[in-house]
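Quick note on numbering: the sequence shown equals residues 60 to 540 in the numbering used here.
Ideal placement from N, C-alpha and C gives every residue a C-beta, glycine not left out.
From a predicted model like this one, the values you see are computed outputs, not experimental measurements.
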Amino acid sequence: MNYKNVTNKKIVVLIASVLNFFLLISCSTSNDNPSEIPVIPAVSNTVGLTRHDAGSLDDGYVLFAPIGSNTTYLIDKCGKQVKTWPSNYKPGQSCYLLTDGSLLRPGNNNNTTFNAGGKGGVIEKIDWNGNVTWSYTLSDALKCQHHDVKALPNGNVLIIAWESKTNTEAIAQGRNPNLVPVTVWSEQIIEVKPTGSSGGSIVWEWHLWDHLVQDFDVSKPNYGTIATASKLINLNYNASATNQDWIHLNSIDYNAALDQILVSSHSFNEVWIIDHSTTTAQAKSHAGGNSGNGGDLLYRWGNSLAYNTGTTTQLFGQHNAYWIEAGFPFENQIMIFNNGNGRTGGNYSTIEIIKPPVNGYNYTQTLPSLPATASWNYNYENPNSIYAQNISGAQQLSNGNVLFCNGPAGIFTEINSSGNIVWQYISPVTTSGILKQTEVAAQNIVFRSTFYPKTYSGFVGHTLTSRTTIEDINSISGSCK
């Protein structure tokens with residue numbers, strides 16, 4: 060199925076509270092005659108299911124972990140609960156259903172040193188019956204897991220974690236003393252092999268601190284020309300005396316065919332690719348692995364300002380960068396939820412797919428890194444009035460549809476290949492409890508939503524029964540069973 064830009068489409072979503080009544084209107088117009096607005100009816104719910112176009116959906120289930128709740132939910136496309144997993148922790152922040160039916164979920168153990176958005180600290184594996192079968196803690200005064208994890212095919216888990224450095228350490232590496240707080244949070248990626256029910260061994264690790272460049276102080280290490288060192292991270296880019304969370308990675312993904320890791324740096328407005336075929340020693344150096352350049356960046360995209368080669372930024376506080384599965388539309392390309400916070404021309408969100416120029420296992424070292432534009436883009440120029448200032452994510456579905464999560468609003472939306480809304484759901488789970496139908500959603504924040512088809516291997520051997528809705532009044536459209 061071919062995608063096309065939807066700049067010639069206009070989809071207006073109006074959410075209003077009038078006498079405790081919610082009406083969602085989805086409409087499509089031509090730019091040539093914007094006064095003609097054909098109205099498509101929607102379900103009149105304030106929370107839960109608000110749209111369901113039977114026959115247009117990729118049938119299956121949606122997994123999400125509300126940020127204000129200890130419970131993770133699996134719902135069907137009628138907005139009914141199929142499965143829940145309890146935890147002692149609020150999320151920290153992603154969650155995944157594994158191929159054996161277990162839930163992999165970071166939890167927020169309230170680390171008081173790393174007090175920033177996305178913090179976690181503990182990773183749990185919870186079986187289908189709600190039993191914690193494995194936990195691993197990565198949280199102390201010097202480090203803390205945050206945002207995301209990724210299960211590998213061999214059963215190991217990739218974890219992104221903050222790594223605290225003192226201002227003395229930062230200055231010694233070439234940070235401008237006027238642009239350094241008391242501590243600077245660098246980033247690390249570790250691969251943990253689970254052992255027992257509550258432990259693991261680190262079998263591979265990568266530290267950003269080993270891959271720096273700076274042009275501030277010639278007497279310090281890492282001194283060089285930023286524009287010719289695109290594989291390294293500029294120690295002084297986006298630095299300030301008040302911001303500890305200098306890099307702020309917010310997603311991690313793994314490509315088994317390439318043996319590469321993809322991460323998203325919110326603060327740099329970039330996505331980075333790192334070689335995972337290295338040993339830990341090679342990952343610390345500038346040589347080794349399939350790429351030959353050790354742990355230096357293989358590829359970066361989104362902001363050429365970060366390495367002094369351009370004048371524009373393409374990403375604005377993005378989230379959820381991941382490789383699209385083989386066999387799907389745009390297979391092996393990278394989908395990104397571009398939040399648009401600080402976007403030139405105004406704040407609005409887009410979903411973008413990019414095709415990195417791959418030659419074997421090596422990305423071409425073009426500066427700035429190609430492609431010049433996205434191969435697909437939803438909501439370019441904001442025809443649908445979508446803006447999610449933080450968190451959020453998007454997912455390519457096998458039938459050509461795209462599911463995306465507006466995290467701050469707690470709204471999950473599925474669009475078809477023409478950009479039309481075919482399914483929508485508003486999470487009723489808030490920081491203070493579960494909303495009733497007719498109540499208007501607020502503080503129902505969700506980091507991300509993930510779709511799993513009915514044929515997913517994690518469901519094999521398990522009974523999936525659609526029960527009542529999460530909200531206490533079951534007011535699902537009669538056409539949705």
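In the structure shown, the three-state DSSP call for W144 is strand. Linking V106 to Q455 through their CA atoms gives a straight-line distance of about 24 Å.
Check the Cα spacing between N441 and each of V461, I470, G405: the tightest is with G405. Around the CB of Q273, 16 or more other CB atoms lie within 10 Å, so the residue is classed as buried. Distance between K343 and G354, taken at the CA atoms: about 6 Å. Relative to the Cα of W435, the nearest Cα in the group P427, S457, V461 belongs to V461. DSSP places A346 outside both helix and strand once states are collapsed to three, so it counts as coil. The closest CA to that of P150, considering only R507, I532, T527, P512, is found on R507. Residue state for F173 is assigned as coil, using DSSP reduced to three classes. Per DSSP, the continuous beta strand (DSSP E) segment holding I248 begins and ends at 242-254. For F387, the three-state secondary structure derived from DSSP is coil. Sequence-distant partners of G233 (beyond 5 residues in either direction) whose C-beta falls short of 6 Å from its own C-beta, in its chain, are Q273, F275, D276, K279, N281, L294.
With fewer than 16 other CB atoms across the displayed protein chains lying within 10 angstroms of its CB, P416 is exposed.
Cβ-Cβ distances below 6 Å link I395 to Q377, A380, E411 in the same chain, with the five nearest sequence neighbours on each side left out; the list follows chain order. In the DSSP assignment, I230 falls within the alpha helix (DSSP H) that extends over 226-231.
When rounded, the separation of the alpha-carbon atoms in A200 and T172 is 6 Å.
CA-CA distance, E228 to N309, rounds to 24 Å.
For G466 against A447, the beta-carbon gap comes to about 6 Å, under 8 Å, which counts as contact. When the beta-carbon positions are compared, I249 and I292 stay at least 8 Å from each other. Non-local beta-carbon contacts of L523 in its own chain, meaning distances under 6 Å to residues more than five positions away in sequence, involve V141 in chain order. The beta carbon of A220 lies closer than 7 Å to those of L197, K202, C203, Q204, H205, Q247, I249 in the same chain, with the five residues before and after it left out. One thing to note: D112 has its Cβ within 8 Å of the Cβ of V481. Going by DSSP, A380 is part of the beta strand (DSSP E) stretching over 378-382. Within the same chain, I306, H307, L308, W331 come within 7 Å of S324 by CB-CB distance, once the 5 residues on both sides are set aside.
Counting other Cβ atoms within 10 Å of its Cβ, I320 reaches 16 or more and is therefore classed as buried. Close CB contacts of S260 within its chain, under the 8 Å cut and outside five residues either way in sequence, are with V251, K252, T254 (chain order). The residue among V262, G283, G258 with its C-alpha nearest the C-alpha of H270 is G283.
Around the beta carbon of Q424, a 10 Å sphere encloses fewer than 16 other beta carbons of the protein chains shown; the residue is thus reported as exposed.
Beta-bridge pairing by DSSP links G151 to no other residue. In the DSSP annotation of this structure, the continuous segment of the beta strand (DSSP E) that includes Q455 starts and ends at 452-455. Counting only residues of its own chain and dropping the five nearest sequence neighbours on each side, G369 has a CB closer than 7 Å to the CB of S363, P427.
Check the Cα spacing between N314 and each of S408, S336, D118: the tightest is with S336. Residue nearest to N391 within the set L317, L163, Q373 is L317 (criterion: CA-CA distance).
The three-state secondary structure of Y366, taken from DSSP, is helix.
With fewer than 16 other beta carbons inside 10 angstroms of its own, K495 counts as exposed.
The C-beta distance from I185 to P165 rounds to 12 Å, too long to meet the 8 Å contact threshold.
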